[in-house]
Ligand code: ATP
């Protein structure tokens with residue numbers, strides 16, 4: 001059976017390394033579905049989930065929350081480099097809920113202070129938290 005290797009790398013090391021039959025991710029240009037034999041490419045990822053259908057069990061799907069980054073497809077090796085990545089089972093949802101509340105508060109404060117830089121940073125923190133909550137609840 002045709003398969004791909006999916007490796008997700010962060011500053012903490014290799015966070016995911018498995019054989020996949022199909023991968024779905026969200027790039028800046030839109031959703032990208034990858035089967036074995038896909039054209040080579042490099043794309044910028046959104047803060048979103050990576051969906052991996054494993055080869056060892058057709059019904060088994062892994063979800064990994066990534067903090068943006070880069071995806072490279074090179075033959076049947078998919079490499080994702082991101083600031084952080086967590087599998088659904090490793091996500092502490094209550095921590096992400098607290099991060100969400102903090103980001104919402106910071107967003108409001110930055111908005112009221114007309115601080116665009118802080119507003120952008122709070123918005124990114126909010127997206128990270130929302131992504132983790134959704135992934136951790138799967
Ligand atoms: P927090 O404010 O809760 O620390 P954060 O968005 O600032 O969240 P990051 O800087 O993106 O956190 O990540 C720091 C480290 O903590 C990374 O290794 C990341 O994988 C891990 N991490 C962050 N939030 C969670 C979570 N809710 N569950 C599990 N690991 C997490």
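In the UniProt record's numbering, the protein residues as written are 1 to 138. Ideal Cβ positions, reconstructed from N, Cα and C, are used throughout, including at glycine.
Residue interval of the alpha helix (DSSP H) (run including residue i)
| i | result |
| --- | --- |
| residue 105 | 93 to 112 |
| residue 117 | 116 to 136 |
For residue i: DSSP bridge partner residues
| i | result |
| --- | --- |
| residue 25 | 32 |
| residue 87 | 64 |
| residue 17 | 7 |
| residue 45 | 27, 69 |
beta-carbon residue i near the ligand ATP non-hydrogen atom, thresh 7 angstroms
| i | result |
| --- | --- |
| residue 46 | no |
| residue 130 | no |
| residue 53 | no |
| residue 123 | no |
| residue 110 | no |
| residue 137 | no |
Delimiting residues of the beta strand (DSSP E) encompassing residue i
| i | result |
| --- | --- |
| residue 77 | 77 to 81 |
Cβ-Cβ separation, residue j to residue i (assumed contact under 8 angstroms), whole Å
| i | j | result |
| --- | --- | --- |
| residue 81 | residue 9 | 5 angstroms |
Residue of the options minimising C-alpha distance to residue i
| i | options | result |
| --- | --- | --- |
| residue 48 | 105, 40, 27 | 27 |
| residue 52 | 78, 107, 120 | 78 |
| residue 88 | 62, 130, 22 | 62 |
| residue 84 | 74, 22, 76, 69 | 69 |
| residue 59 | 29, 22, 71 | 22 |
| residue 98 | 119, 132, 120 | 132 |
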